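Novice: Supplied in C-alpha cells, the structure appears directly below.
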Amino acid sequence: MRDPANPATVGAGNERASRYKGTYWYEGNDDNSGVHWNAGVQNHFFYLLCEGGSGNNDGLAYNLTGLGVASAEQIAYRALAFYCTPDTDYPAARSAWLSAAQDLNPAWVAPVAAAWSAVGVGPLTISPSTKASFRGLEGGPFLPAARTYTLANGDLTSVNWTASASQPWVTVSPASGAIAADGAANIQISINAAANALARGLYSAEVTFTNVADGLTWTIPVELNSGATDYFTELFDAADNDLDNMSLMFIPDGSPSYYTVERSVASTFPASPSGGTALDLADDDFAEATLTDGAQVSLYGTAYNRFYIGSNGYLTFGQGEWAFYESIAKHFVLPRVAALFDDLDPASGGAVSWKQMSDRAVVTWQNVPQYGMSGANSFQIELFFDGRIRITWLGISATDGLAGFSEGEWLPAGFFESDLSAYNAAITDDLELITYGGLVGSGMEGGPFTPASKTYTLRNNGAAPVDWTATPSAPWLTATPSNGTLDAGQQADVVVAIPGSHTPTGPGKAFSTISK
Amino acid sequence: MRTLAMAITVSALLAVNRTIPAFNSDGKAAPPPTASGGAEARPVAPLAEQTQAAAKATQAGLRVEWNRQYGTPSVVRGADLGARGDFSGGKGLALRGGGAFEADAVAVMDNLARLYRIQDAEKEFAAKKAEADSLGFHHVRLQQRHEGLRVVGGDLIVHFNAQGLAYQVNGRYAPGVAVATAPQVKAETARTVALKDLASFNPGKAEQTGAPELVVYARGAAPQLAWELALSKADEPARWRYWVNAITGEVIHRHDEIMRVDPPTPDGAAAPITGNVLAGEGGDTVSVTGWHENTNGLYYLYNAADRWVIFNNADAAPIRARRRGRPTG
C-alpha cells in the first residue's frame with residue numbers, strides 16, 4: 079500500500095510522490111485532490127527523519143543524520159496534535175514540525191528542516207503554482223505581456239535565489255536576488271522578441287527557481303501558443319456573461335480555425351421563430367430534429383441531416399445530450415453548437431422551437447428561465463445549408479453559462495478560451511466601436527463597484543462627419559460624454575461607468591446604446 | 016440626431032452581493048463547473064497598515080511569517096505575545112492569567128489585531144478547546160466566526176508555554192469578512208442541489224446526514240455565505256461534504272471524506288502482508304496476516320489485533336462496511 083522508504087515503488091499505478099510537486103505529484107481532483115496520494119511526500123520525510131542517510135531523492139541530493147523513530151514520533155505527535163489546522167498545507171506542515179521540534183529539543187530543529195528540504199519543502203515558496211500561458215498570432219505579439227509570481231521566504235534568515243528559463247524566448251525578471259527573512263519578491267515571466275520567429279504551434283518551456291543555499295528548486299511551466307487556433311468557446315465562470323444583444327456569424331474560410339467570425343448588434347431574431355415546430359422539452363431533456371428534402375447542415379465540415387436540440391441551450395450531433403452542468407470538458411465531448419449551455423428549464427417557462435427554411439435550419443429558445451430561477455433567456459441558432467452558422471442572443475438573464483463550438487474530439491490540446499464579444503464587427507457602417515467586451519462591475523450593495531468604469535473608443539470609418547449619442551438604459555449607468563460629432567477618420571473615447579449611486583439591490587444588466 | 020441607422024450596444028453587468036432570486040423549495044440549481052476543484056487564489060499582499068505594524072512587532076522581538084494567499088500572518092512567534100507594544104491594536108483586552116487560556120487566547124488576538132486586520136477579537140473568535148501537553152504547554156484552538164456563523168478556513172491556534180506566556184499563533188485568519196448572513200436559498204434547496212450534483216457523476220441513492228449548517232466559506236479568495244452539509248450513499252461507503260452558496264445556490268466545493276483503496280490481492284486467498292522494520296530499529300521483517308475474500312462480493316483485510324477493514328474499490332458490486340472479528344488462519 080505505502081512504502082515510506084520509497085513511495086515511488088509501491089507498484090504500477092500506485093507510485094506516489096516522494097518530493098513536493100515532484101515526480102508522481104498529483105494535481106487532479108481525484109482522491110479529494112490527492113490528499114492521500116500526495117502523502118507520500120510526508121511519509122518519505124518521516125522515513126528520512128528517522129533513518130537519515132545520503133542519496134538523491136527525485137533530483138534532490140541529501141545527506142542526513144537520522145533522529146531515530148522514538149524522537150521522530152514525539153515530534154510527529156506534537157506537530158499534528160498541536161500545530162496543524164484543517165488547512166495546513168506542506169509549507170505550513172514544515173512550519174508546524176519546526177515549532178514542535180523547537181518545543182521538545184532545539185537540537186532537533188536543524189534535522190527536521192533538513193529532512194523537509196530533502197523532500198522539496200524548503201523555506202522558499204512560490205505562488206501561484208499555475209502554468210504561465212501565453213498566446214498570440216504567429217509572429218507575435220503574445221499576450222498577456224507578463225505573468226507575475228510571488229517568491230516568499232518563510233525562514234529566519236535571508237535567502238539567495240536564482241531563476242533561469244529553459245528557452246531563449248522566455249524572459250524572467252529579475253533573474254536573481256535575495257529575500258529577507260519573512261519577505262517576498264515579485265517575479266515576472268514574459269515572452270520576448272525571440273518568440274516572433276517561432277512557427278505556428280504549441281511550445282513549452284520552464285522557469286526554474288533555485289534556492290542557492292539548499293539547492294531546492296521550483297519549476298513553473300510556461301506555455302506559448304503561436305498562431306493560436308481559435309476554438310470559439312467561452313465559459314462564463316465569473317458572473318461575466320456578456321452575450322446580450324449580439325449576433326455572431328461563423329463563416330467557413332479554410333483557415334486552421336475553420337471559421338471566421340463577424341459580430342453584429344442584434345435586437346430581434348434574424349429568422350422569425352413563428353411557424354416552427356414547438357418542442358415539448360422537459361428539464362434536462364433533448365429532442366431530435368430531422369431535415370427533409372435531402373437538406374444538410376454542417377459543423378467543422380462534417381455534414382448531418384439530423385441534430386439534437388437540448389433543453390440546456392445547445393445542439394448536439396450524433397446523439398442527444400441532457401448535461402446541465404456546463405464545463406469546458408463536457409462541452410468538447412460531443413459535436414456541439416452551444417448558444418447558452420446552462421441549466422435551463424423550458425418546462426417551467428418560455429418556448430423552444432425549430433423549423434426548416436429554404437436555406438437553413440433554425441432553433442430558437444425564447445424566454446427560457448434557468449432552473450429554479452426567474453428571468454428569461456432568448457437566443458437562436460441558425461444552421462445554414464452552405465456551412466455557415468449564426469448564433470444570436472437577445473436578452474440573457476443568466477450571468478454564467480458556456481457558449482461555443484465543439485468538434486466532439488474531446489478537449490483540444492492548447493485549448494484557450496475565446497472572448498466571444500471581442501470579435502470584429504462586420505464593417506457595415508461608418509461608426510465603429512473599436513473597444514470590445516462589456517463592463518462587468520461587482521461589489522457590495524451601495525457600491526463601490528470594481529471595475530467602476532471602462533473606456534470605449536469610437537471611430538468614424540466613413541468620409542462624412544457623424545453625430546453620435548450614448549444612452550444608458552439604467553439609472554445606475556453613465557456614459558461620458560453622452561454625445562458628440564466625429565469627423566471622417568476621427569476617434570473619440572466614451573467612459574461608461576457605474577458610479578455607485580442609484581444602484582439596484584440585485585444583479586442587473588444594462589446597456590449603453592451608442593447611435594447616430 | 017440623424018436617423019437611427021445603426022446602434023452599438025455596450026453591455027454593463029452589475030453583480031451585487033445581495034439579491035439573486037431565491038429558489039423554490041423543491042428547486043435545484045446549476046452548480047458551477049469548479050465544484051470539485053477551485054482555482055488557486057491570487058496572492059494577496061498584506062496592507063500597508065499591517066506591514067507597518069509588523070515592522071514594529073519585529074522591533075519588539077516578534078517574528079511574523081505571512082500567508083500570501085490571505086494577506087495575513089501564517090505564524091507569529093515571540094516571547095510574550097500578550098504583552099502590549101507599539102504594534103498592538105484591538106480594544107486592549109487584558110490577559111487574565113491563572114489558567115484562563117481560552118479567554119487569554121482571544122486577548123492575544125486582540126493584541127495582534129493590527130497584524131491580522133481583526134475588527135473585534137471577542138466577536139470574531141470562539142475557543143474550541145484548550146489542550147494541555149506533556150511539557151505543561153497549553154494550545155487553544157480558535158474558530159473564526161462572523162456574526163455567529165462558523166468561518167470555514169478560519170482556524171487559529173494560540174500556544175502558551177509552561178510559564179503561561181503566549182509564544183506562538185499559527186493557522187489561517189480570513190480578514191475583511193463582510194458577507195450578509197441572511198440566506199436566499201433554503202437549507203432544503205441546498206440539500207437538493209447537492210443531491211443533484213452528486214447524482215450527476217455518482218448515481219445511486221444518497222441521503223443527507225445531519226442538518227445543513229449555515230457557514231461562511233472562506234477558503235480561497237472571496238468569503239461566501241454557504242450551507243455546509245454531508246451526504247451518505249446507500250450503495251457504498253461515502254461521506255460527501257458539500258458547501259452550497261446560500262445566495263446563488265451554486266456548489267462551491269465538494270469532497271468525499273472516505274478514502275477507498277484497492278484490495279491487496281487479486282483473488283480470494285489469504286495474503287500475508289510483509290514489510291521491514293526500519294533499519295535503525297533493527298531491520299527485522301514482519302508479516303501482518305490478513306486476507307481478502309470475495310464471498311458475497313465483500314472484501315476484507317484483517318489484522319488480528321486491530322481489525323482493519325479494507326473496502327472493495329475494484330468491483331462494481333455493492334459493498335458495505337462492516338466490522339467483525341475473524342480468527343486468524
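So the sequence lines, in the order shown, correspond to chains C and F. Sequential numbering from 79 applies to the first sequence in my numbering. Sequential numbering from 16 applies to the second sequence in my numbering. C-beta atoms are modelled at their ideal positions from N, C-alpha and C, and glycine is treated no differently. A quick note: this is a predicted structure, and the numbers were derived from the prediction, not measured.
Can you check which of these residues, C:Val415, C:Ser475 and C:Arg438, is closest to Pro447 of chain C by C-alpha distance?
Specialist: Ranking C:Val415, C:Ser475 and C:Arg438 by Cα distance to Pro447 of chain C puts C:Ser475 first.
Novice: Measure from the alpha carbon of Lys201 of chain F to the alpha carbon of each residue in F:Thr300, F:Thr263, F:Ala70 and F:Phe116, then state which is nearest.
Specialist: Measuring from the Cα of Lys201 of chain F, the nearest candidate turns out to be F:Thr263.
Novice: Taking 6 angstroms as the limit between beta carbons, can you name the residues of its chain near Tyr392 of chain C, skipping five residues before and five after?
Specialist: Same-chain partners within the cutoff: Arg414, Ala416 and Phe419.
Novice: Ala273 of chain C bridges to which residues according to DSSP?
Specialist: Beta-bridge pairing links Ala273 of chain C to no other residue.
Novice: Using the beta-carbon of each residue, which ones in chain F are nearer than 7 angstroms to Gly146 of chain C?
Specialist: Going along chain F in sequence order, the residues near Gly146 of chain C (Cβ under 7 angstroms) are Gly295.
Novice: Count the other CB atoms, across all protein chains shown, that sit within 10 Å of the CB of Lys138 of chain F; report buried if there are 16 or more and exposed otherwise.
Specialist: Exposed is the call here.
Novice: Give, in chain order, every residue of the segment 424-456 of chain C whose Cβ lies closer than 8 angstroms to some Cβ of chain F.
Specialist: Within the segment 424-456 of chain C, the qualifying residues are Gln448, Tyr449, Gly450, Met451, Ser452 and Gly453.
Novice: Applying the 10 Å Cβ sphere with the 16-neighbour rule, what's the burial state of Ser499 of chain C?
Specialist: Classification for Ser499 of chain C: buried.
Novice: Is the CB of Leu246 of chain F under 9 angstroms away from at least one CB in chain C?
Specialist: It does not; no Cβ of chain C falls within 9 angstroms.
Novice: Report the neighbours of Asp4 of chain F on chain C: residues whose CB is nearer than 8 angstroms to its CB, in chain order.
Specialist: Outside the displayed span of chain F (16 to 344) sits residue 4 of chain F, for which this structure offers no information.
Novice: Name the residue from C:Asn264, C:Glu366, C:Gly305 and C:Lys433 whose alpha carbon lies nearest to the alpha carbon of Glu275 of chain C.
Specialist: Looking at the sequence shown, residue 275 of chain C is not Glu but Ala. Of the candidates C:Asn264, C:Glu366, C:Gly305 and C:Lys433, the one whose C-alpha sits nearest the C-alpha of Ala275 of chain C is C:Gly305.
Novice: So, are the CB atoms of Ser89 of chain F and Asn185 of chain F less than 9 angstroms apart?
Specialist: It is a contact, given that the beta carbons lie within the stated cut-off.
Novice: Rounded to whole angstroms, how far is the Cβ of Gly86 of chain F from the Cβ of Ala70 of chain F, which I believe are closer than 8 angstroms?
Specialist: Their Cβ separation, rounded to whole angstroms, is 16 angstroms, which puts Gly86 of chain F and Ala70 of chain F out of contact at 8 angstroms.
Novice: Let's test the definition: count the other Cβ atoms within 10 Å of the Cβ of Arg338 of chain F and tell me whether it reaches 16, buried, or not, exposed.
Specialist: At Arg338 of chain F, the pLDDT of 34 sits below 50, so the modelled position is not reliable; the number obtained from the coordinates is stated separately. Answer is exposed; the Cβ neighbour count stays below 16.
Novice: With 16 as the cutoff for other CB atoms within 10 Å, does Pro526 of chain C come out buried or exposed?
Specialist: That one is exposed.
Novice: Can you tell me whether DSSP reads Glu139 of chain F as helix, strand or coil?
Specialist: Correct three-state label for Glu139 of chain F: helix.
Novice: Quick one: does Tyr337 of chain C have its CB under 9 angstroms from some CB of chain F?
Specialist: No, Tyr337 of chain C does not count as interfacial toward chain F.
Novice: Taking a Cβ distance cut-off of 9 angstroms, strictly less, list which residues of the segment 71-84 of chain F are near chain C, in chain order.
Specialist: Answer set for the segment 71-84 of chain F: Thr73, Arg78, Val79, Glu80, Trp81, Asn82, Arg83 and Gln84.
Novice: So that I know if they touch, is there some Cβ in chain C lying closer than 9 angstroms to that of Ala54 of chain F?
Specialist: With a pLDDT of 35 at Ala54 of chain F, under the threshold of 50, the modelled position of that residue is not reliable, and the figure given next carries that caveat. Output row for Ala54 of chain F: interface = yes.
Novice: I want to see whether chain F comes within less than 9 angstroms of Tyr140 of chain C, judged by CB atoms only; does it?
Specialist: With 9 angstroms as the cut-off, Tyr140 of chain C does not count as an interface residue toward chain F.
Novice: Could you compute how far the alpha carbon of Trp242 of chain F sits from the alpha carbon of Gly191 of chain F?
Specialist: Approximately 20 angstroms between the Cα atoms of the pair.
Novice: For Lys408 of chain C, does the three-state DSSP call read helix, strand or coil?
Specialist: Lys408 of chain C falls in the helix class under three-state DSSP.
Novice: Is the separation between the beta-carbon of Cys162 of chain C and that of Leu293 of chain F shorter than 9 angstroms?
Specialist: Cβ atoms of Cys162 of chain C and Leu293 of chain F: not closer than 9 angstroms.
Novice: For Pro189 of chain C, collect the residues of the same chain with a Cβ closer than 6 angstroms to its Cβ; drop the 5 residues on either side in sequence, then sort them by chain order.
Specialist: Answer for Pro189 of chain C: Leu145, listed in chain order.
Novice: Strictly under 9 angstroms for the Cβ-Cβ distance: is His154 of chain F near chain C by that measure?
Specialist: Yes, His154 of chain F counts as interfacial toward chain C.
Novice: Leaving out the 5 sequence neighbours to the left and right, which residues in its chain are closer than 6 angstroms to Thr338 of chain C when beta-carbon positions are compared?
Specialist: Closer than 6 angstroms at Cβ, skipping near neighbours: Ile329 and Asp331.
Novice: Using a Cβ distance threshold of 8 angstroms, determine whether the segment 561-568 of chain C contacts the segment 532-547 of chain C, with at least three qualifying pairs required.
Specialist: Yes, they touch.
Novice: So that I know if they touch, is there some Cβ in chain C lying closer than 9 angstroms to that of Val90 of chain F?
Specialist: At least one chain C Cβ lies under 9 angstroms of Val90 of chain F.
Novice: Does the segment 209-221 of chain C come close enough to the segment 141-155 of chain C to have 3 or more Cβ pairs within less than 8 angstroms?
Specialist: At 8 angstroms Cβ cutoff, the stretches do not touch.
Novice: Going along the chain, which residues of its own chain have a beta-carbon closer than 8 angstroms to the beta-carbon of Gly255 of chain C, five neighbours each way excluded?
Specialist: Answer for Gly255 of chain C: Asn238, Trp239 and Ala263, listed in chain order.
Novice: What are the residues of the segment 156-170 of chain C that lie near chain F, defined by any Cβ-Cβ distance shorter than 9 angstroms?
Specialist: Taking 9 angstroms as the Cβ-Cβ cut-off against chain F, the residues of the segment 156-170 of chain C that qualify are Arg156, Ala159, Phe160, Tyr161, Cys162, Thr163, Pro164, Asp165, Thr166, Pro169 and Ala170.
Novice: By the DSSP assignment, the alpha helix (DSSP H) with Leu210 of chain F in it spans what residues?
Specialist: Ala202 to Phe216 is the extent of the alpha helix (DSSP H) around Leu210 of chain F.
Novice: Are the C-beta atoms of Leu171 of chain F and some chain B residue less than 9 angstroms apart?
Specialist: The structure shown contains no chain B; its protein chains are C and F.
Novice: If we count Cβ pairs, one from each stretch, closer than 8 angstroms, do we get three or more for the segment 257-271 of chain C versus the segment 437-453 of chain C?
Specialist: Contact between the segment 257-271 of chain C and the segment 437-453 of chain C is absent, because fewer than three Cβ pairs lie under 8 angstroms.
Novice: Please identify, using Cβ separations under 7 angstroms, the residues of the segment 120-132 of chain C that lie next to chain F, in order along the chain.
Specialist: Those residues of the segment 120-132 of chain C that come within reach of chain F (Cβ to Cβ, closer than 7 angstroms) are Cys128 and Glu129.
Novice: By the 8 angstroms beta-carbon criterion, what residues does the segment 216-233 of chain C contribute toward chain F?
Specialist: So the list reads Thr228, Ala230 and Gly232, given in the order they occur along the chain.
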